[in-house]
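Asks: There's a structure below that I have some questions on.
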Amino acid sequence: MDVGLSWVRVAKSLASIEVDPMSIDAIVVTHEHTDHVSGVGVAARKLRCPVHINIDTLSFVASRLKNVGRQQIVPTDVGKPFWINDLEFTAFPVPHDAVNPVGYVVKSNGLKVGIATDLGYPTNVVRHCLRACNALVLESNHDRMMLLDGPYPFELKQRIASKRGHLSNDQSASLLSDIMHDDLAVVLLSHLSHENNTPDLAFGASAKVLNELDRHDITLTMTYQDRPSDVITVE
Ligand SMILES: [Zn+2]
Ligand SMILES: [Zn+2]
Numbered sequence: 038m039d040v041g042l043s044w045v046r047v048a049k050s051l052a053s054i055e056v057d058p059m060s061i062d063a064i065v066v067t068h069e070h071t072d073h074v075s076g077v078g079v080a081a082r083k084l085r086c087p088v089h090i091n092i093d094t095l096s097f098v099a100s101r102l103k104n105v106g107r108q109q110i111v112p113t114d115v116g117k118p119f120w121i122n123d124l125e126f127t128a129f130p131v132p133h134d135a136v137n138p139v140g141y142v143v144k145s146n147g148l149k150v151g152i153a154t155d156l157g158y159p160t161n162v163v164r165h166c167l168r169a170c171n172a173l174v175l176e177s178n179h180d181r182m183m184l185l186d187g188p189y190p191f192e193l194k195q196r197i198a199s200k201r202g203h204l205s206n207d208q209s210a211s212l213l214s215d216i217m218h219d220d221l222a223v224v225l226l227s228h229l230s231h232e233n234n235t236p237d238l239a240f241g242a243s244a245k246v247l248n249e250l251d252r253h254d255i256t257l258t259m260t261y262q263d264r265p266s267d268v269i270t271v272e
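This is the structure we're talking about:
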């Protein structure tokens, strides 16, 4: 899902958790922002694998995919499932300042994972799609106070906090509370800002909600930009 780092770094990270980089069968793209696609061209060329991407996003990423075989590009549509081996992927729209940004629901063997990073707020569609997932990869981008008091220029602060920006820790925690159900087992908080967040603040906001709901059975953890996250098994 996305290749926001150089392929060299991605390959190294995969190898460090004992995943052969060449075992990756496909790339799925969420939107055209650099932190999601900077390594996509090289990765696709090395892996010679399909790149699933919607045509609006493709138009912005085309220059990065110049030397990628045409037959490797697989256009996707929101709401229309496609398969990669035994995983069924369905894209859903998210509100973000990109041309056609999406999150994904991935189903396999009766389990469902929801992936939503880079969204300004949880729309009804987002809530609907993330409901009934067994695992969630959910953005917890910034702490509102850190963002407001932080070093970013005013316009950038506005953009991040806007309805087409990123989810704050509190927004993620409250979304989590809204969509809570018995079979939710794992939550990976993702897309944490280096400047406007800390792992403790992100974790704290969601952990508070899980505590209040007495859901000590749920594994709450993080993904990081500079190292692989823990490998988590959902049964
Ligand atoms: Zn991003
Ligand atoms: Zn983005």
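First residue of the sequence shown? That's 38 in the working numbering, and the numbers climb one at a time after it. For each residue, glycine too, the CB sits at the ideal point set by N, CA and C.
#1: Runs of 4 residues minimum, wholly inside the stretch 39 to 102: which ones carry the alpha helix (DSSP H) assignment?
#2: Any contact of the stretch 135 to 145 with the stretch 106 to 125, i.e. 3+ C-beta pairs under 8 Å?
#3: Give a yes or no on whether the C-beta atoms belonging to Ala210 and Ala169 are separated by under 9 Å.
#4: When you compare only the Cα positions, how much space is there between Asp180 and Leu102?
#5: Specify the secondary structure class of Ile197 as computed by DSSP and reduced to three states.
#6: Let me confirm a value: Asp62 is counted as buried when at least 16 other C-beta atoms fall within 10 Å, else exposed. Which label applies?
#7: Check each candidate in Gly157, Val77, Asp220 and Asn146 and name the one with the smallest Cα separation from Val45.
#8: To the nearest angstrom, how far is the alpha carbon of Ser205 from that of Asp186?
#9: At 3 residues or longer, what runs of the beta strand (DSSP E) sit wholly inside the stretch 157 to 214?
#10: Give me the Cβ distance between Thr67 and Val136, rounded to the nearest whole Å; I'm assuming they're in contact under 8 Å.
#11: Cβ of Val105 within 9 Å of Cβ of His73?
#12: Just to confirm before moving on: does the CB-CB distance between Leu229 and Thr258 stay below 9 Å?
#13: Going by DSSP, what residue range makes up the beta strand (DSSP E) through Pro112?
#14: Alpha carbon to alpha carbon, how far is Val88 from Met38?
Replies: The structure says:
#1: 44 to 53, 71 to 74, 77 to 84 and 92 to 98
#2: The stretch 135 to 145 makes contact with the stretch 106 to 125; the number of CB pairs closer than 8 Å reaches 3 or more.
#3: Taking the sequence shown and counting its residues from 1, the one referred to as residue 210 is at position 173. Taking the sequence shown and counting its residues from 1, the one referred to as residue 169 is at position 132. Contact: no.
#4: By one-based count along the sequence shown, residue 180 stands at place 143. By one-based count along the sequence shown, residue 102 stands at place 65. If I take the Cα positions, the gap works out to 35 Å.
#5: Along the sequence shown, read from residue 1 onward, the residue named residue 197 stands at position 160. Looking at Ile197 - three-state DSSP - the assignment turns out to be helix.
#6: Here residue 62 is taken as the residue at index 25 of the sequence shown, counted from 1. With fewer than 16 other Cβ atoms within 10 Å, it is exposed.
#7: Taking the first residue of the sequence shown as 1, we reach residue 45 at position 8. Nearest of Gly157, Val77, Asp220 and Asn146 to Val45, Cα basis: Val77.
#8: Here residue 205 corresponds to residue number 168 of the sequence shown, with the count starting at 1. Here residue 186 corresponds to residue number 149 of the sequence shown, with the count starting at 1. So the two alpha carbons sit approximately 14 Å from each other.
#9: 172 to 176
#10: For this step, residue 67 is matched to residue 30 along the sequence shown. For this step, residue 136 is matched to residue 99 along the sequence shown. Rounded, the Cβ-Cβ distance is 12 Å, inconsistent with contact.
#11: Reading the sequence shown from its first residue, position 68 is the one you call residue 105. Reading the sequence shown from its first residue, position 36 is the one you call residue 73. No. Outside cutoff.
#12: On the sequence shown, residue 229 is found 192 positions in, with the first residue counted as 1. On the sequence shown, residue 258 is found 221 positions in, with the first residue counted as 1. No, Cβ-Cβ distance for Leu229 and Thr258 is not below 9 Å.
#13: As a position in the sequence shown, residue 112 is number 75, starting the count at 1. Ile110 to Pro112 is the span of the beta strand (DSSP E), which, as asked, contains Pro112.
#14: As a first step, residue 88 is located in the sequence shown; it is residue number 51 there, counting from the start. As a first step, residue 38 is located in the sequence shown; it is residue number 1 there, counting from the start. Distance between the alpha carbons of Val88 and Met38: 10 Å.
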